[in-house]
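In what follows, a structure is listed as C-alpha cells, so that the remarks can point back to it.
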Amino acid sequence: MKIVFATGNAHKLQEINEIAQGTDIEFVLPPQGFEPVENGETFEENSLIKAREAARLSGMISLADDSGLCVEALNGAPGIHSARYADTAQARIDKLLYAIKNANNRKAKFVCAMTLVDEGGNILFQTRGECHGDIAKEQSGLNGFGYDPIFIVEGTSKSMAQMSEEEKNEISHRGRALRKILELLKHTKII
Numbered sequence: 666m667k668i669v670f671a672t673g674n675a676h677k678l679q680e681i682n683e684i685a686q687g688t689d690i691e692f693v694l695p696p697q698g699f700e701p702v703e704n705g706e707t708f709e710e711n712s713l714i715k716a717r718e719a720a721r722l723s724g725m726i727s728l729a730d731d732s733g734l735c736v737e738a739l740n741g742a743p744g745i746h747s748a749r750y751a752d753t754a755q756a757r758i759d760k761l762l763y764a765i766k767n768a769n770n771r772k773a774k775f776v777c778a779m780t781l782v783d784e785g786g787n788i789l790f791q792t793r794g795e796c797h798g799d800i801a802k803e804q805s806g807l808n809g810f811g812y813d814p815i816f817i818v819e820g821t822s823k824s825m826a827q828m829s830e831e832e833k834n835e836i837s838h839r840g841r842a843l844r845k846i847l848e849l850l851k852h853t854k855i856i
C-alpha cells in the first residue's frame, strides 16, 4: 500500500520509511507542483494544509507532518516557524543559540503533528508526538538534520545528531507520531 507523504524533504521521507519498516506501507513523495501555503497557526493546522494539498494533487491517501522546536526560554519559539527561523540550517542553529545564550532555562521539545487524509482530503486521523530535552550550549554530532546537533535528549547526554538513525527514530517526535498512525491503520479498515 502506497501513501503519499506530503513533503519535499527527501530526508524526512527516508526517515518515515525507516520507521514504517515491517509494515506493508510505503510512503512516496507527492507529485510535482506540491507547494502548499503553510499559513496555519498550529502544527496541526499546517499538517492538515499539507495533507490536503498532497491528496488533491495525487488523488491518494496522504499523510503530512508539521514539526518544529519549541524552546521554553523563547516562549515556544521558533515553533511553527522553525524551518523559516533563518535562511539556512546553520543560521537557524546560530540564531537560536544566540537568542538563549544567557538563559538558565534551556528546556525544549520537538513537536510533530501528523494528519492522515483520504483521497478527498477528509481527515482520517490526527496525532502528535513530542520529544523533550534541553538546548546545548554548542553543537555536537554529525547525524540527523535541522536542530538535531543542539538538542540534548531528555535522560541522555547525547544530542540527537550523536544518535544512530535507529536510536533517533525510537525516541523522536516524528517516530512517536508515526507509530500512533501506523497502529491506528493496523486496527482499522481504512486502507
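Positions in the sequence shown are counted from 1; adding 665 to them yields the working numbering.
Virtual Cβ for every residue (Gly too), placed ideally from N, Cα, C.
Check, Outcome
"So, leucine 843 versus isoleucine 745, is the Cβ gap smaller than 8 Å?", "no"
"Considering only C-alpha positions, which residue in the set Gly724, Asp689 and Ser732 is nearest to glycine 840?", "Ser732"
"Measure the beta-carbon distance from aspartate 799 to arginine 771 and round it to whole angstroms, keeping in mind my assumption that it falls under 8 Å.", "5 Å"
"Out of Asn711, Ala826 and Gly806, point me to the one whose CA is closest to alanine 748's CA.", "Asn711"
"Return helix, strand or coil for glutamate 795, following the three-state DSSP convention.", "strand"
"With burial defined as no fewer than 16 other Cβ atoms inside 10 Å of the residue's Cβ, what is the status of glutamate 701: buried or exposed?", "The sequence shown places proline at residue 701, rather than the glutamate named in the question. Classification of proline 701: buried, given that the 10 Å Cβ count is 16 or more."
"Could you name the residues that DSSP lists as bridge partners for phenylalanine 692?", "Ile668"
"Using only the alpha-carbon positions, how far apart do glycine 741 and phenylalanine 692 sit?", "30 Å"
"With a CB to CB cut of under 6 Å and the five nearest residues on each side skipped, what residues in its chain are close to aspartate 813?", "Met825 and Ala826"
"Within the same chain, show all residues whose beta-carbon is closer than 7 Å to that of alanine 801, passing over the 5 residues directly before and after it, in chain order.", "Ile815, Ile817 and Ser824"
"How many angstroms separate the CA atom of aspartate 689 from the CA atom of methionine 666?", "6 Å"
"Comparing alpha-carbon positions, which option in Ile668, Asn682 and Ala675 lies nearest glutamate 831?", "Asn682"
"Is the separation between the beta-carbon of proline 696 and that of leucine 722 shorter than 8 Å?", "yes"
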